[in-house]
Amino acid sequence: MSLYDDWKQLCEMERSDAEYKKFWNGYFDKETAAYEKILGSGNNKISCTLKELADGFDMDVCEAVGFLDGINTSLKEELKLEELEADKPVEAVVDFEKLYLNMLRAKAPWLYSLKEWDGILTAEKRHAITKAFHSENTFVKEKTVGRNDPCPCGSGKKYKNCCGKNR
Numbered sequence: 012m013s014l015y016d017d018w019k020q021l022c023e024m025e026r027s028d029a030e031y032k033k034f035w036n037g038y039f040d041k042e043t044a045a046y047e048k049i050l051g052s053g054n055n056k057i058s059c060t061l062k063e064l065a066d067g068f069d070m071d072v073c074e075a076v077g078f079l080d081g082i083n084t085s086l087k088e089e090l091k092l093e094e095l096e097a098d099k100p101v102e103a104v105v106d107f108e109k110l111y112l113n114m115l116r117a118k119a120p121w122l123y124s125l126k127e128w129d130g131i132l133t134a135e136k137r138h139a140i141t142k143a144f145h146s147e148n149t150f151v152k153e154k155t156v157g158r159n160d161p162c163p164c165g166s167g168k169k170y171k172n173c174c175g176k177n178r
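Numbering (our numbering), first residue to last: 12 to 178.
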């Protein structure tokens, strides 16, 4: 069984509501601290063993795999999570714009509102990414032709007597 499978099993384990909240709140605190370190350093490269990454973020190895699972889609080249081992090197480059967008998609304000973003992306850039995110999730109803409107084919007839006759 891989470390990634261990992480998935840990996430899916049956717990009471109180234990569930405790587990995830503890993980999210560690995840937030990890992002503060990454963003605070301004370095978008991760180059160390999984064990060193876990130690640097004050996590156990399984939690570090969970962190990499969360950041994986924000990397320039995704990691093969199933192949991660504690003593093998992890080489990754974070795309900060994609990371910010993915934090918006995950509805994680505790992450996308970190003050450390100020040194990474300008306020204008974050606003542009947020605007693009909201526009991709906004449904725009296309204008439909009314029965008594002129037919869009240009015949001069009403739509109901032309292209819309058999509708």
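For glycine and all other residues, C-beta sits at the position ideal for the given N, C-alpha and C.
Span separating the alpha-carbon of residue i from that of residue j
i      : j      : result
Asn172 : Val156 : 13 angstroms
Tyr170 : Glu147 : 32 angstroms
Gly130 : Gly81  : 22 angstroms
Val104 : Leu92  : 15 angstroms
Lys19  : Met12  : 11 angstroms
Lys126 : Phe34  : 25 angstroms
His138 : Tyr38  : 28 angstroms
Asn177 : Cys164 : 15 angstroms
Lys118 : Ser166 : 50 angstroms
Own chain partners of residue i with C-beta closer than 7 angstroms, once the 5 adjacent residues on each side are dropped
i      : result
Phe78  : Glu42, Ala45, Phe68 and Met70
Leu122 : Thr43, Tyr46 and Met114
Thr84  : Asn113
Asn55  : Val104, Val105 and Phe107
Paired residues, beta bridge with residue i - DSSP
i      : result
Lys169 : Pro161
Ser236 : No answer is possible for residue 236: the residues shown for the chain start at 12 and end at 178.
Glu102 : Ser58
Leu86  : Val105
Closer than 7 angstroms to chain B by CB, residue i
i     : result
Met24 : Protein chains in the displayed structure number just one, and chain B is not present.
Residues near residue i by beta carbon distance below 8 angstroms, same chain, minus five either side
i      : result
Leu4   : Past the edges of the chain, shown from 12 to 178, lies residue 4, and the structure says nothing about it.
Asp17  : Cys73 and Val76
Val101 : Ile57, Ser58, Cys59, Thr60, Leu61, Leu64, Leu79, Leu90 and Leu95
Asn36  : none
Sequence-distant residues of the same chain with beta carbon closer than 6 angstroms to residue i, five excluded per side
i      : result
Asp160 : Tyr170
Within 8 angstroms, do at least three Cβ pairs link the segment 16-27 to the segment 44-64? no
Could you say if the segment 58-66 and the segment 110-119 meet the contact criterion of at least three C-beta pairs nearer than 8 angstroms? no
Go through the segment 28-82 residue by residue and report every complete run of the alpha helix (DSSP H) that reaches 4 residues or more, in order. 28-52, 61-67 and 72-82
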